[in-house]
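For reference, the structure discussed in these notes is given below.
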Amino acid sequence: MPEESESHLRRSRRAKVEDLRARGVDPYPYRFADRIPAVEAVARGTPLAPGETAPGPAVRVAGRLLALRSHGKTSFLDLEDLSGAIQLLLSTETLGDEVYRRWLADLDPGDLVGAEGLPARTRRGEPSLQVRSLTLLAKAIAPPPEKWHGLKDPEERLRRRYVDLLASPETRARFRARSLLLRGLRRFLDEEGFLEVETPVLGQVASGAAAAPFRTRSNYLASELQLRISLELHLKRLLVGGLERVYEVGRIFRNEDLDSTHSPEFTMMELYWAYEDYGAMAGLVERLYASLAARLPEWLPDSAAARTAPETFRPPFRRVDFVEELEARSGISDLLGRSREELRSLARGVGATVPDESPAGTFLDKLFDHYVLPTLDRPTFVFDFPTVTTPLAKRHRSRPGRVERFELYCRGYELGNAYTELNDPEEQETRFREQLAARGEETYAYDADFVEALRYGMPPATGLGIGIDRMMMALAGIPSIKDVILFPLVRGRPGESSVEGPTGPP
RNA sequence: GGGCCCGUAGCUCAGCUCGGUAGAGCAGGCGGCUCUUAACCGCAAGGUCAGGGGUUCGAAUCCCCUCGGGCCCGCCA
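Here you go:
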């Protein structure tokens, strides 16, 4: 526990804890069984007439006290659990003067309590629980945020997400929706016959994408390790091994900035499907998004996104060709016939500031981002990227200079990236070497064991990658990635839980 | 990496332009109230004005530095 100067609020609550203990009451008891959700308790009271109390049976609810409104001999307490809130009705009439006063004196907003009582409606018609017994389940020493405004400070909402969650039903609903979305995704893939697998986070070299890895060290191996930046190369090894349809939902790590659409650790879903190509994959992606969007109203009710998503993601999705669409939007002809220098000056012309020595594909990507991306306001597959930036995809079966790859875009978000996978070991080796030659540092690391795996024979296959955080953002209409990650990376503050002693490589 | 903005009580915010004893609401304490639901009424209390330095008779306010955060741009899938 950090030493912090105790506010008078905390002192007062701590004093109540001591007082409870002195009276033999455990402020942190072990269990409160047989409770029903608050909304269900509300439903039991709703059919009653105003002023009426049900004869029975008694019900039990548990949750956090939001507000206490005391009127002398009657008091109203709002209790909230994950399902919703219910009003507790306390009166000297049912409890007796002494017990009533004792309970009110013991309790504060933020406390966790269990209540048993009879469903009732107040004279004003509010469904309530006429309380017979009340049990403190955990005394809150720290006072909750203000009941009306909640926790607004964006920094505190991230640093102390638990306070954001306890104070905000909207935040709880958002993260619950993320969980349900993930469950829906797994169910869909399971039903399609895919096996969920787990592959290593730690390895000698992180490959499968172009990104700076986090580095750490194994004491056992006495060597540097890297955290994965992609799931791809291990999952393809599983295709070699005969698992045929596999997917993984896992955290990957890229040593980059945190901004509204990037997080240094984020959740990636990748799947690999033997004996199919990227055309089949486009069909699967379409069905996947349509099925998830259709259920969004159930997962995140009362949201604008839930109302529009089922229609937005109704198949078939629009399909465009990377080069044709870019040429049409930009008015530039013969893009693939142009030199790297020409493409660079075209990219510079639209404000891109990438390094001069970047490969041609980088300049094409910049042009695409400028001319085409803003026009993709409904789900659109972009097909057949130029070969240059995609070392893991198979060359297009009929179009020179292209690979069999598509990305799905919607409203500026990339919602999926798929290839017909390269499975020729010699070509894979060449493409890795070209990458290394072209860019040096941040590029696809050469993974010799992966090439060796391909030499045993990887079936023809298609693969897909979807960033789950962005999928959640796009479906639920949330503009910042920090709002879909429970505990985003934040800078440490002096004096806060620092690690002592040696912590890793210098 | 560049620019703009923010940090005041546990929480939500005034006060800063134009320097002069630190303010409100909620929450907490005491008292009152048998139907409220942002309950209400009365009384009393609550501050490292993010941190450090400077200017000044005097700094929450002006200047500089540091820390933390937000937004935009750039970079990065």
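My numbering puts the first residue of the first sequence at 29, with every later residue one more than the last.
A virtual CB, placed ideally from N, CA and C, is assigned to each residue, including glycine.
For residue i, the nearest candidate out of the options (CA to CA)
i, options, result
"Q456", "Y441, E442, L443, Y472", "Y472"
"S98", "A61, P137, A82", "P137"
"A421", "A50, D405, T408, P453", "P453"
"R72", "L514, R149, Y303", "R149"
"G429", "L436, T415, R439", "T415"
"Q463", "S386, R49, R160", "S386"
"A234", "E224, E252, G221", "E252"
"G359", "L162, L374, T120", "L374"
"T74", "L135, P344, F60, L146", "L146"
"S508", "L93, R202, E432", "R202"
"V53", "D134, L37, S40, T102", "D134"
"R461", "D475, R406, E449, L450", "D475"
"F478", "A465, R459, A77, L492", "R459"
Cβ neighbour criterion (16 or more within 10 Å) applied to residue i
i, result
"K394", "buried"
"S291", "buried"
"R483", "exposed"
"E480", "exposed"
"T531", "Because T531 sits at a pLDDT of 38, beneath the cut-off of 50, its placement in the model cannot be relied upon, and the point is left open."
"V518", "exposed"
"Y437", "buried"
"Y504", "Correcting the residue identity first, residue 504 is Ala in this sequence and not Tyr. Counting Cβ neighbours within 10 Å, A504 comes out buried, since at least 16 surround it."
"L37", "exposed"
"L249", "exposed"
"K510", "buried"
"S526", "The predicted model places S526 with a pLDDT of 43, which falls under 50 and marks its position as unreliable, so this point remains unresolved."
"E32", "Caution is warranted here: a pLDDT of 37 is assigned to E32, below 50, making its placement in the model unreliable, and no coordinate value can be reported."
Beta-carbon proximity check, residue i vs residue j, cutoff 8 Å
i, j, result
"E486", "K167", "Position check: residue 486 holds Met in this sequence, whereas Glu was assumed. No. Outside cutoff."
"V351", "L364", "yes"
"L179", "R185", "yes"
"M501", "R206", "no"
"R347", "F411", "yes"
"Y317", "F294", "no"
"V127", "L210", "no"
"I496", "M309", "no"
"A237", "L267", "no"
"G91", "E80", "no"
"E314", "P343", "yes"
"R335", "G212", "no"
"T418", "V400", "no"
"A143", "V191", "no"
Range of the contiguous alpha helix (DSSP H) that encloses residue i
i, result
"F478", "476-483"
"D397", "388-399"
"A321", "306-327"
"T340", "332-340"
"L110", "Run containing L110: none; DSSP gives neither H nor E here."
"F345", "Where F345 is concerned, there is no enclosing alpha helix (DSSP H), given that its DSSP letter is neither H nor E."
"Y128", "125-134"
Endpoints, beta strand (DSSP E) assigned at residue i
i, result
"T163", "155-166"
"F222", "Where F222 is concerned, there is no enclosing beta strand (DSSP E), given that its DSSP letter is neither H nor E."
"T403", "No beta strand (DSSP E) holds T403; DSSP gives it neither H nor E."
"E293", "293-302"
"Y441", "441-448"
"A143", "140-149"
"F515", "Taken as a continuous stretch (DSSP letters only), F515 belongs to no beta strand (DSSP E), as it is neither H nor E."
"F242", "Note, F242: premise wrong, no beta strand (DSSP E); not H, not E."
Any non-hydrogen atom of the ligand HEM within 7 Å of residue i CB
i, result
"F409", "This structure lacks the ligand HEM, and indeed carries no ligand of any kind."
Counting pairs of Cβ atoms below 8 Å between the segment 97-117 and the segment 155-164, do you hit three or more?
yes
Is it true that the segment 444-452 meets the segment 248-259, where meeting means three or more beta-carbon pairs spaced less than 8 Å apart?
Put simply, the segment 444-452 does not touch the segment 248-259. Fewer than three CB pairs are less than 8 Å apart.
The segment 206-221 / the segment 305-319 touching (three or more Cβ pairs under 8 Å)
yes
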